[in-house]
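Student:
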Amino acid sequence: MAELNENPTPYGAPEGMPTRGALRRESVLGAPGPASMASGSMGVGSYGQQAAAAPVSPGHFQAQGAPGAYPPPPQAGAAQPLASQAPAQPWAAAQAAPAQPLGWQVRNDPAPPPVTRVQTPAAAQQAPARPLGASVAGAGAGAPVRAESRRGAATTAEDLDIDHLLQEMVSSGASDLHLTAKAPPMVRRNGSLVPLEYPVIDGESLRRTLYSVLKQRQREQFEANLELDFSYSVPGVARFRVNMYQQRETVGAAFRVIPFEIKALEELGVPGVVANFAGLPRGLVLVTGPTGSGKSTTLASIIDLANRTRSDHIMTVEDPIEFLHDHKKSIINQREVGADTHSFANALKHVLRQDPDIILVGEMRDLETISVALTAAETGHLVFATLHTQDAAQTIDRIIDVFPPEQQGQVRVQLAATLQGVVCQTLCKRAGRPGRVVATEVMLATPAIRNLIREGKTHQIYTSMQSGIDQGMHTLDQNLADLARVGQITYETGLEKCHHVEEFNKLTGRQARMNQGGAALQAAANNIGGM
1 MAELNENPTP
11 YGAPEGMPTR
21 GALRRESVLG
31 APGPASMASG
41 SMGVGSYGQQ
51 AAAAPVSPGH
61 FQAQGAPGAY
71 PPPPQAGAAQ
81 PLASQAPAQP
91 WAAAQAAPAQ
101 PLGWQVRNDP
111 APPPVTRVQT
121 PAAAQQAPAR
131 PLGASVAGAG
141 AGAPVRAESR
151 RGAATTAEDL
161 DIDHLLQEMV
171 SSGASDLHLT
181 AKAPPMVRRN
191 GSLVPLEYPV
201 IDGESLRRTL
211 YSVLKQRQRE
221 QFEANLELDF
231 SYSVPGVARF
241 RVNMYQQRET
251 VGAAFRVIPF
261 EIKALEELGV
271 PGVVANFAGL
281 PRGLVLVTGP
291 TGSGKSTTLA
301 SIIDLANRTR
311 SDHIMTVEDP
321 IEFLHDHKKS
331 IINQREVGAD
341 THSFANALKH
351 VLRQDPDIIL
361 VGEMRDLETI
371 SVALTAAETG
381 HLVFATLHTQ
391 DAAQTIDRII
401 DVFPPEQQGQ
411 VRVQLAATLQ
421 GVVCQTLCKR
431 AGRPGRVVAT
441 EVMLATPAIR
451 NLIREGKTHQ
461 IYTSMQSGID
471 QGMHTLDQNL
481 ADLARVGQIT
491 YETGLEKCHH
501 VEEFNKLTGR
511 QARMNQGGAA
521 LQAAANNIGG
531 M
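Heads up, the final residue of the sequence shown is numbered 531 in UniProt numbering, and it's a clean run with no missing numbers.
1. Given a cut-off of 8 Å, decide if T395 and T386 are closer than it, judged by their beta-carbon atoms.
2. Would you list the one or two residues that DSSP bridges to I453?
3. Please classify A347: is it buried, with 16 or more other beta-carbons within 10 angstroms of its beta-carbon, or exposed?
4. So, are the CB atoms of P271 and H313 less than 8 Å apart?
5. Could you name each continuous beta strand (DSSP E) segment of 3 residues or more that falls completely within the stretch 235–307, going from the start of the chain to the end?
6. Looking at the secondary structure, which residues open and close the alpha helix (DSSP H) in which G494 lies?
7. For S84, which of helix, strand or coil comes out of DSSP?
8. State yes or no: is the C-beta of L214 within less than 8 Å of the C-beta of Q246?
9. Grab me the residues of A300's own chain with a C-beta within less than 8 Å of its C-beta, minus the 5 sequence neighbours each way, in chain order.
10. Let me check understanding here. Comparing Cα to Cα, which of K506, V200 and P184 lies closest to V194?
11. Quick check: the stretch 478–493 against the stretch 429–440, are there 3 or more CB pairs under 8 Å?
12. T375 lies in the alpha helix (DSSP H); which residues open and close that run?
13. In three-state DSSP terms, what is P320?
14. Using only the alpha-carbon positions, how far apart do S205 and P235 sit?
15. Looking only at its own chain, which residues have a Cβ that is under 6 Å from the Cβ of R207, when we skip the five neighbours before and after it?
16. Terminal residues of the continuous alpha helix (DSSP H) containing D202?
17. Nearest by alpha-carbon distance to P290: which of D391, L374 and V442 is it?
18. Can you give me the C-alpha to C-alpha distance between L419 and L165, rounded to a whole angstrom?
19. If you reduce the DSSP assignment to three classes, tell me which class L476 lands in.
20. Considering only DSSP beta bridges, list what Y211 is partnered with.
21. Which value, in whole angstroms, describes the spacing of the CA atoms of R282 and A373?
22. Quick one: does the C-beta of N451 sit closer than 7 Å to a heavy atom of the ligand ZN?
23. Bridge partners of M443, per DSSP?
24. Since E227 sits in a beta bridge, which residues does DSSP pair it with?
25. Mind checking H327: buried by the 16 CB within 10 Å criterion, or exposed?
26. On a CA-only basis, which of V317, K457, L444 and I453 is nearest S467? Give me that one, please.
27. Taking C-alpha atoms, which residue in A376, L382, T375 and E220 lies nearest to I302?
28. Helix, strand or coil for L348 per DSSP?
29. Can you tell which of A393, P405, V411 and S464 has the C-alpha that lies nearest to the C-alpha of E378?
30. Alpha carbon to alpha carbon, what distance is there between T375 and R398?
31. If distances are taken between C-alpha atoms only, which option among E496, H474, Y491 and L352 comes closest to R510?
32. Does DSSP put D482 in a helix, in a strand, or in coil?
33. Once the 5 residues before and after L452 are set aside, which same chain residues still bring their CB inside 6 Å of it?
34. Return the first residue and the last residue of the alpha helix (DSSP H) that I396 is part of.
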């Protein structure tokens, strides 16, 4: 069940497993004194800062290896134990006792049994070693923190601070964070995955860490379905769309950053014609593209424009809620699948009774959702939705192909009457400097386009878009060529993203140069043959 975890609590941790708030890490050689334990302070401060410890008698330590404090030195005049009462072989006694795991200990554990103090080897009298994991990169409070770069060792749940990782991800300009067992945390920066300077993550530690940000209901849903979508927020940093999943009997998670600020369409770099969709009185507008192409960002900007300029009631149905909208000139209500409604289809069935003017459908996934969205657009509402398609013609075919053959004719008529436009987009690496540029394809439902949809001639839509530049339409190849000509992307990037290589080469002038080069080679071959 998808829910927004604004203030994550440790209640979602597995039963019998200590949570972050109830744990502390203690070293055998660097453990705190009794005063520290009595006050409930940490044996080792967060991010490797050493906490103050009570004085310890030099040359003594716990033979059994059980985590805990040093016993206090004997007071003057106190009776000393007889030598016969102590084990003849203290090191053998230490080996005979069951080994206690080093590291995590529950605060409320009963006090450890008395232990015999024996002489410490010289090596053990050195200063306590730093804990494995995070170290402070800077002396002052609030300095940036990063884990030590030890790829061979597995990090523990205390070392893996989700909020700090997400803050580091946002500050570096990355768009995604990937957490998976037996690998360091990875972020996607400028379209490529880059490892962070963290140790390899241990599977059980990762499970404990991810469970600590889940609510009990979310944990139950994940254990039932082995999949979970939810939103997570780090105050003052950003919100994140999270997908948690099971892989090879361990867990993994992908975090997608969702900025608090909603940018204007002009800042995103989309064509100005896209802003016109926010002022339509009715109809269906589709924003499509592959995963990670910025569809949600573009839709949020369109909805925000309508929110600022229209006096309407806006309803959104999302899974999960990504961008948060405030009431402006319009009122806006956002519903999350799993938290506020059971499904897209169920929410859309009732949305028409809620007096909406604008409806946003996070994703049209099935026949029922698509059918209700078409009906809502047909009955005078402005509907925005997304699909994972690559171009305008494919988008229309995808909607129609969802329905059985006997209904497709009716759906074509319905779609031809309600569709207002399709925006397909993808993100390209920016040339010369970090960042990405959006490339778009825009189709407007002109009378000619509507006839092609109604008659089932969607393969001819591409030609109509090529010749519809004056009306505000363009193909993806045309937009890529424009971006390459002005130097925002490289020719190679455009070639990688284009749909038709020959057209892209022609638009960028490469085809003419290739033809000239071919003619020169042919002339040279003829000259050689004539010798």
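The beta carbon of each residue, even a glycine, is placed where N, CA and C say it ideally should be.
Tutor: Straight from the coordinates:
1. Counting from one through the sequence shown, the residue named residue 386 turns up at place 386. Counting from one through the sequence shown, the residue named residue 395 turns up at place 395. No.
2. Taking the first residue of the sequence shown as position 1, residue 453 is located at position 453. Beta-bridge pairing links I453 to no other residue.
3. As a first step, residue 347 is located in the sequence shown; it is residue number 347 there, counting from the start. Buried, by the Cβ-count rule.
4. Along the sequence shown, one-based indexing puts residue 271 at 271. Along the sequence shown, one-based indexing puts residue 313 at 313. Contact: no.
5. 238–247, 250–258 and 283–288
6. As a first step, residue 494 must be located in the sequence shown, where it is residue number 494. According to the DSSP assignment, G494 belongs to the alpha helix (DSSP H) that extends over Y491 to K497.
7. Indexing the sequence shown from 1 puts residue 84 at position 84. Legend: pLDDT at S84 = 41, less than 50; position of this residue unreliable, no value from coordinates given.
8. Here residue 214 corresponds to residue number 214 of the sequence shown, with the count starting at 1. Here residue 246 corresponds to residue number 246 of the sequence shown, with the count starting at 1. No.
9. Counted from its first residue, the sequence shown places residue 300 at position 300. Here the set comprises I262, E322, F323 and H325.
10. As a position in the sequence shown, residue 194 is number 194, starting the count at 1. Comparing Cα positions, the closest option is P184.
11. yes
12. The count along the sequence shown starts at 1 and reaches residue 375 at position 375. Here the alpha helix (DSSP H) through T375 covers L367 to E378.
13. Taking the sequence shown and counting its residues from 1, the one referred to as residue 320 is at position 320. Looking at P320 - three-state DSSP - the assignment turns out to be coil, as it is neither helix nor strand.
14. Looking up residue 205 in the sequence shown gives position 205. Looking up residue 235 in the sequence shown gives position 235. Using only the alpha carbons, I get a separation of about 24 Å.
15. As a first step, residue 207 must be located in the sequence shown, where it is residue number 207. Once the five neighbours on either side are set aside, the close Cβ partners of R207 are V251.
16. Taking the sequence shown and counting its residues from 1, the one referred to as residue 202 is at position 202. Run containing D202: none; DSSP gives neither H nor E here.
17. In the sequence shown, residue 290 corresponds to position 290, counting from 1. For the residues D391, L374 and V442, the minimum Cα distance to P290 belongs to D391.
18. Counted from its first residue, the sequence shown places residue 419 at position 419. Counted from its first residue, the sequence shown places residue 165 at position 165. Straight-line Cα distance between these residues: approximately 43 Å.
19. One-based indexing of the sequence shown puts residue 476 at position 476. If DSSP states are grouped into helix, strand and coil, L476 belongs with the helices.
20. For this step, residue 211 is matched to residue 211 along the sequence shown. None, per the DSSP bridge assignment.
21. Mapped onto the sequence shown, residue 282 falls at position 282. Mapped onto the sequence shown, residue 373 falls at position 373. Answer to the nearest angstrom: the Cα atoms are 12 Å apart.
22. The ligand ZN is absent from the structure shown, which contains no ligands of any kind.
23. Here residue 443 is taken as the residue at index 443 of the sequence shown, counted from 1. According to DSSP, M443 bridges with V422.
24. Residue 227 sits at position 227 when you count from the first residue of the sequence shown. In DSSP, E227 forms a bridge with Y245.
25. As a working mapping, residue 327 is identified with position 327 in the sequence shown. Under this definition H327 is an exposed residue.
26. One-based indexing of the sequence shown puts residue 467 at position 467. Of the listed residues, the one whose Cα sits closest to S467 is L444.
27. The sequence position of residue 302 within the sequence shown is 302, counting from 1. I302 has its Cα closest to that of L382, out of A376, L382, T375 and E220.
28. Working through the sequence shown from its first residue, we reach residue 348 at position 348. In this structure, L348 counts as helix in the three-state DSSP scheme.
29. In the sequence shown, counting from the first residue as 1, residue 378 sits at position 378. Nearest of A393, P405, V411 and S464 to E378, Cα basis: V411.
30. One-based indexing of the sequence shown puts residue 398 at position 398. One-based indexing of the sequence shown puts residue 375 at position 375. The straight-line gap from Cα to Cα measures roughly 17 Å.
31. As a position in the sequence shown, residue 510 is number 510, starting the count at 1. Taking only the C-alpha atoms, the option nearest R510 is Y491.
32. Position 482 of the sequence shown, counting from 1, holds the residue named residue 482. Reduced to three states, the DSSP call for D482 is helix.
33. One-based indexing of the sequence shown puts residue 452 at position 452. Answer for L452: Q460 and I461, listed in chain order.
34. Taking the sequence shown and counting its residues from 1, the one referred to as residue 396 is at position 396. I396 -> alpha helix (DSSP H) spans A392 to D401.
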